[in-house]
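These notes are about the structure you will find just below.
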Amino acid sequence: PVTEPDVEKYKALRLTSLKVDPASFSSTYEREIAFTPEMWAQRLAPRFKRTFIASVKDERSISETWVGMISVLGPSELIPAMLEPFERAGVGADWDMYFVAGLWVHPEHRGRGLGTRLVKEGLEWVRTNMDPKNDSEGKRDRMIILLVGDDNASGHALYQKVGFTNLTSMPPGEGNSYMSLKVA
11 PVTEPDVEKY
21 KALRLTSLKV
31 DPASFSSTYE
41 REIAFTPEMW
51 AQRLAPRFKR
61 TFIASVKDER
71 SISETWVGMI
81 SVLGPSELIP
91 AMLEPFERAG
101 VGADWDMYFV
111 AGLWVHPEHR
121 GRGLGTRLVK
131 EGLEWVRTNM
141 DPKNDSEGKR
151 DRMIILLVGD
161 DNASGHALYQ
171 KVGFTNLTSM
181 PPGEGNSYMS
191 LKVA
């Protein structure tokens, strides 16, 4: 179960990410600062999506500080409008589609493998997730897709390191490219 302190830590981390790297997200600080406590809690609710957190031990206390996050949306979490561009491009017709949303590591903690660890945790969840949509359509292969800024060389390198490739059949977005990975 999601606890109130976890929701507050997530909110602080997410708002920090939107302030520090606004160009890396499709949302804005101004939009999300207005979220209600219920909306923040819903972000962490483990329905058909999963959020993973990277934390580091705080030397001044016994607690840990949250410094990174990734969210992965499962097939049942995706609305038709999200899938429409992929269907038009002929991508994912025979796959269960998952999406990475909001990978971010605080700048003070980058270059230490936390982003790679978060992506690998997300991939493992995709491998083992029993999404209701998977059950209704039978066992299908899974594909995980993400959108990364064209100017984000370290993001591209991280994703390529864990096996993502550019999704060339999808037209690039404004300064962004799609990447995908077929998950066995």
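Just so we're aligned: the sequence shown equals residues 11 to 194 in this note's numbering. Here a beta-carbon is modelled for each residue, glycine too, at the ideal position from N, C-alpha and C.
Cut-off 6 Å between Cβ atoms - residues of its own chain near residue i, not counting five sequence neighbours on either side
| i | result |
| --- | --- |
| L156 | V110, M189 |
| S27 | W114 |
| I80 | F62, L113, L128, G132 |
| E87 | F58, K59 |
| G121 | none |
Where residue i falls, given that 16 or more other Cβ within 10 Å makes a residue buried
| i | result |
| --- | --- |
| D141 | buried |
| K59 | buried |
| T38 | exposed |
| K19 | buried |
| I72 | exposed |
| G125 | buried |
| M92 | exposed |
| V193 | buried |
Close beta carbons around residue i, own chain, < 8 Å, minus the five adjacent residues each side
| i | result |
| --- | --- |
| V12 | A51, L54, A55, P56 |
| G123 | none |
| N162 | S34 |
Simplified DSSP state of residue i, which is helix, strand or coil
| i | result |
| --- | --- |
| G125 | helix |
| A99 | coil |
| R137 | helix |
| V17 | helix |
| V82 | strand |
| T46 | coil |
| M180 | coil |
| G185 | coil |
| G173 | coil |
| L191 | strand |
| R152 | strand |
| A55 | coil |
| T26 | helix |
| S65 | strand |
| R41 | helix |
| L88 | coil |
Best match in the options for proximity to residue i [C-alpha to C-alpha]
| i | options | result |
| --- | --- | --- |
| P117 | K143, G165, V136 | G165 |
| P85 | K19, K143, F35, G183 | K143 |
| E184 | F35, V82, D16 | F35 |
| W105 | L25, A194, D151, V30 | D151 |
| S187 | Q170, A194, V193 | Q170 |
| M153 | A163, D161, R137 | R137 |
| P32 | R70, G159, E134 | G159 |
| V172 | K29, A103, K130, P181 | K130 |
| V82 | P15, V30, R120, W135 | W135 |
Cut-off 7 Å between Cβ atoms - residues of its own chain near residue i, not counting five sequence neighbours on either side
| i | result |
| --- | --- |
| T75 | S65, V66, D68 |
| L25 | Y39, E42, I43 |
| L23 | W76, M79 |
| N139 | G84 |
Meets three-Cβ-pair contact criterion under 8 Å: the segment 171–190 and the segment 95–109: By the C-beta criterion, the segment 171–190 is judged to be in contact with the segment 95–109, since at least 3 inter-stretch pairs fall below 8 Å.
Validate contact between the segment 42–50 and the segment 77–96 using beta carbons, cut 8 Å, 3 pairs: no
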